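Q:
In the working numbering, the protein residues as written are -12 to 249.
1) Can you tell me the Cβ-Cβ gap for residue 139 and residue 86, rounded? I've got them flagged as a contact below 8 Å.
2) Would you please state the rounded distance, in angstroms, between the beta carbons of residue 216 and residue 89? I believe it to be under 8 Å.
3) State the start and end residues of the unbroken alpha helix (DSSP H) segment that holds residue 43.
4) Got a sec? Which residues, its chain only, sit under 8 Å from residue 101 by beta carbon, not counting five neighbours each side?
5) Please classify residue 139: does DSSP put it in a helix, a strand, or coil?
6) Closest to residue 45 by CA distance: which of 155, -5 and 224 is it?
7) Would residue 125 and residue 145 qualify as a contact pair, given that the criterion is a beta-carbon distance under 9 Å?
8) Mind the definition here: the region 227 to 238 touches the region 45 to 57 only if three or more C-beta pairs lie below 8 Å; say whether that holds.
9) Could you please give the first and the last residue of the uninterrupted alpha helix (DSSP H) stretch that includes residue 117?
10) Within the continuous alpha helix (DSSP H) that includes residue 172, where are the two ends?
11) Roughly how many angstroms separate the alpha carbons of residue 178 and residue 66, rounded to a whole number?
12) Give the single residue among 134, 135 and 151 whose Cα lies nearest to the Cα of residue 120.
13) Whose C-beta lies closer than 6 Å to the C-beta of residue 131 among residues of the same chain, with five residues either side of it excluded?
14) List the whole-angstrom C-beta distance separating residue 116 from residue 136, where the pair is believed to meet the contact cut-off of C-beta under 8 Å.
15) Closest to residue 34 by C-alpha separation, out of 47, 99, 16 and 48, would be which residue?
16) Please work out which residues of its chain come closer than 6 Å, Cβ to Cβ, to residue 58, disregarding the five sequence neighbours upstream and downstream, and give them in chain order.
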């Protein structure tokens, strides 16, 4: 039940961020007057920030086995700068409230999984909780990585390494090995999203990553097991249960197998 509520709340957050992309971009287009150049750039930067938040939330939804929404809420439109700024304040205040609610649900989900869940379920939930907590979530990310290490959920372990490694306050000497480990595992799984994020995080730390597109060109045995079960008519959750993987890992393996040679 907690997981269903969390997915619903995360999709509410995603819907809100899609709204922010449109609302901030529209404000950037129509703002006029003496300070247009300053405020237009500010609104477009806010639209980009909302898109980044949407990407992060969407990835969390997929990792939990959900489907990210493509819907958004009504956009508040105006040509008046003061109203634009007030709408922006309302938007950000609502975002804080929604993410706090998601954080509370994520905490409940972790507490439930500590009692009843398998490591491959608890680990991703701890990672999500740590990411939602931001700078205060390092301990959750470390625990998630510890739990997932050595399990069959290699891609989830890579995601935990990535999440911990790109924490801004983590020392360079600790972050870089984590990011490189995440990149290596993601390459082996053909998980392009994790590859790109790891490459970006390493580049931000001044590290050379080689060729970004250096991913497997052939279907791995793991991908083959997943695709074989999917071809029998099993859905993502059923395949995940059969192979003791998370739904997010199954989705990633299916996506990466599509572009690989047999």
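Think of the CB as a built atom: it goes at the ideal place given N, C-alpha and C, for glycine as much as any other residue.
Note that the structure is predicted; figures quoted are calculated from it, not measured.
A: Considering the structure as presented:
1) Actually they are not in contact, since the Cβ atoms of residue 139 and residue 86 sit about 31 Å apart, beyond 8 Å.
2) Wrong, their Cβ atoms sit about 32 Å apart, outside the cutoff.
3) Counting along the chain, the alpha helix (DSSP H) containing residue 43 begins and ends at 23 to 50.
4) The beta carbon of residue 101 lies closer than 8 Å to those of 109 in the same chain, with the five residues before and after it left out.
5) Per DSSP, reduced to three states, the secondary structure at residue 139 is coil, with no helix or strand assignment.
6) It is -5 whose Cα lies nearest to the Cα of residue 45.
7) In this structure, residue 145 does not lie closer than 9 Å to residue 125 by Cβ.
8) A contact exists between the region 227 to 238 and the region 45 to 57.
9) From DSSP, the alpha helix (DSSP H) with residue 117 extends over 106 to 120.
10) In this chain, the alpha helix (DSSP H) harbouring residue 172 covers 159 to 176.
11) Taking the straight line joining both Cα atoms gives about 43 Å.
12) Nearest neighbour of residue 120 by Cα position, chosen from 134, 135 and 151, turns out to be 151.
13) Excluding residues within five positions, the ones whose Cβ falls inside 6 Å are 110, 113, 114 and 147.
14) About 18 Å separates the two Cβ atoms, so there is no contact after all.
15) Out of 47, 99, 16 and 48, 16 has the C-alpha closest to the C-alpha of residue 34.
16) In chain order, 2 place their CB closer than 6 Å to the CB of residue 58, counting only its own chain and leaving out the 5 sequence neighbours on each side.
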